Amino acid sequence: MTDTPQDFSPPASQASIAVDVETLVRSLRRKEGSWVEWGQACTALQKAGYNSQRIFEETGFEPIQQNQVGVAAQVYTSMVNTGASEAVRSHFQRKGSDILYEFRILAPAERAAAAALILAHNLDFDDARDVAKAMKEFSRFGSLPQGFTDTAGDAMAYQCWQLARQNSDLQERSRLIARGLKLASSQTARQQVEQLLVDFTVVPRRLAPRLPLYRLDAEEQSPRIVPVVGKLPLSTTDLQAVPLPEEIAPFRMVKFSGEGAWVALPGWQVILNAEDPIAVLEMSDRLPVPLQGKVEEILIIVDRSQRQWDAESYFFADNGGNLELYWFEESPELQILGRVVLVMRPQKILDEDYTKDGWQIDD
1348 MTDTPQDFSP
1358 PASQASIAVD
1368 VETLVRSLRR
1378 KEGSWVEWGQ
1388 ACTALQKAGY
1398 NSQRIFEETG
1408 FEPIQQNQVG
1418 VAAQVYTSMV
1428 NTGASEAVRS
1438 HFQRKGSDIL
1448 YEFRILAPAE
1458 RAAAAALILA
1468 HNLDFDDARD
1478 VAKAMKEFSR
1488 FGSLPQGFTD
1498 TAGDAMAYQC
1508 WQLARQNSDL
1518 QERSRLIARG
1528 LKLASSQTAR
1538 QQVEQLLVDF
1548 TVVPRRLAPR
1558 LPLYRLDAEE
1568 QSPRIVPVVG
1578 KLPLSTTDLQ
1588 AVPLPEEIAP
1598 FRMVKFSGEG
1608 AWVALPGWQV
1618 ILNAEDPIAV
1628 LEMSDRLPVP
1638 LQGKVEEILI
1648 IVDRSQRQWD
1658 AESYFFADNG
1668 GNLELYWFEE
1678 SPELQILGRV
1688 VLVMRPQKIL
1698 DEDYTKDGWQ
1708 IDD
């Protein structure tokens, strides 16, 4: 296997596709090659039309494992392409898909630095999650905190410095200081952390506000979208020109031809009061404060007219051209693009067929 694995591209001819798919399935079933190749093979099979359940049945790779190695393989490839060292490439080619999976939230240029930090200090999976979180939060600063440089080690040192200042427990405070000194990349960052050895001031930590969370419960809160032909008189051509809406679960989102899509929302006051609302889809475990319970797709409603910071709200902001969701404890240097007015879970339906049968009655 080469050090720079490439994404699989199915051949043009249908016969060739069948041969290659068969080879990929056989390779996964026998667990041939490295985990990086497994991830690329899973991704290639999905592109060839295999769903995760079919891949599981034919190879033994469970859907959750397919997702992990598939995403981690993409992270690995991006690290290689952005100049990861030979030591980092060699180490993570053999193991560490769970660690690289955590780095999916980082920019490609940051992933190699994060992996190098993990390798240099022999950090584990739990540490990797902390590294990813620290670097993600560090990236939102318009100007770096005093004494800290734009490195993975200093991002972790800053996280430890900040948590230590907020902690009154001397034992935990000492642990955080020691960890910050160990992981800091620059001497100036170490000096910032060392100051906490003589400065015992506790800076109160401001708790993040609760997300404005709702779940669809009642049937009348889940409307159906119907296309409008226009106002009579109309021609047959007008009628035939209306596209057939195809609802997408779990929010009954509708896509028409082109790039546009619409989703029907209940007429709650918070929705009606929004001056310029837009909707963004996300997974419930990838919010600034991950939601408890089942991991599921949620809908975030953002009012683009509300761009004034306040500490009791969540905002979408521009981070280097990327749309990111944040809670800012203090007025940010990043450009605020809109305030989150609603986070919606999908409706819980125990038996979808039951709700479609109008003749069913309760005993």
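Once you know that position 303 of the sequence shown is 1650 in this note's numbering, the rest is easy, because the numbers rise by one and skip nothing.
Where a beta carbon is used, it is the ideal one built from N, C-alpha and C, also for glycine.
Because the structure is a prediction, the values reported are computed rather than measured.
Identity of the residues DSSP links to residue i by a beta bridge
i	result
Met1691	Tyr1561 and Leu1646
Arg1686	Asp1650 and Phe1662
Met1630	Glu1644
Lys1602	Glu1593 and Ala1608
Tyr1673	Phe1662
Ile1625	Val1649
Residue environment, residue i, which counts as buried when at least 16 other CB atoms sit within 10 Å
i	result
Ala1420	buried
Ile1402	buried
Asp1473	exposed
Leu1681	buried
Lys1442	exposed
Leu1554	exposed
Gln1387	buried
Gly1407	exposed
Val1575	exposed
Gln1542	exposed
Thr1715	Nothing about residue 1715 can be reported from this structure: the residues present for the chain run from 1348 to 1710 only.
Thr1702	Reliability of the predicted coordinates at Thr1702 is poor, the pLDDT of 47 falling under 50, and the value obtained from them is presented with this limitation in mind. Label assigned to Thr1702: exposed.
Gly1640	exposed
Lys1695	exposed
Gln1655	exposed
Val1642	exposed
Ser1444	buried
Ile1595	exposed
Ala1475	buried
Presumed contact (8 Å Cβ cut-off) between residue i and residue j, rounded CB distance
i	j	result
Val1690	Leu1563	Val1690 to Leu1563, Cβ: 12 Å. No contact.
Val1540	Gly1527	4 Å
Val1478	Leu1464	6 Å
Ala1525	Thr1498	Rounded, the Cβ-Cβ distance is 19 Å, inconsistent with contact.
Glu1404	Val1372	In fact, because the Cβ distance is near 10 Å, the residues do not count as touching under 8 Å.
Pro1693	Glu1644	7 Å
Can you find at least 3 beta carbon pairs, one from the stretch 1442-1457 and one from the stretch 1619-1630, that sit closer than 8 Å? Counting Cβ pairs under 8 Å, fewer than three are found: no touch.
Is there contact here, the stretch 1431-1444 with the stretch 1636-1649, by at least three beta-carbon pairs under 8 Å? No: the two stretches stay apart, fewer than three of their Cβ pairs being nearer than 8 Å.
Under 8 Å: do the stretch 1535-1545 and the stretch 1505-1525 share three or more Cβ pairs, one atom per stretch? Taking a cut-off of 8 Å for Cβ pairs, the stretch 1535-1545 and the stretch 1505-1525 touch, as three or more such pairs fall below it.
Okay, do the stretch 1654-1662 and the stretch 1680-1689 touch, 3+ Cβ pairs below 8 Å being the bar? yes
Cβ contact check for the stretch 1665-1673 and the stretch 1614-1621: 3 or more pairs under 8 Å: no
Segments of 4+ residues assigned as alpha helix (DSSP H) that fall wholly inside the stretch 1439-1485: 1444-1449, 1455-1468 and 1472-1485
Return the chain-ordered ranges of every alpha helix (DSSP H) run that is complete within the stretch 1382-1415 and spans a minimum of 4 residues. 1382-1394 and 1399-1406
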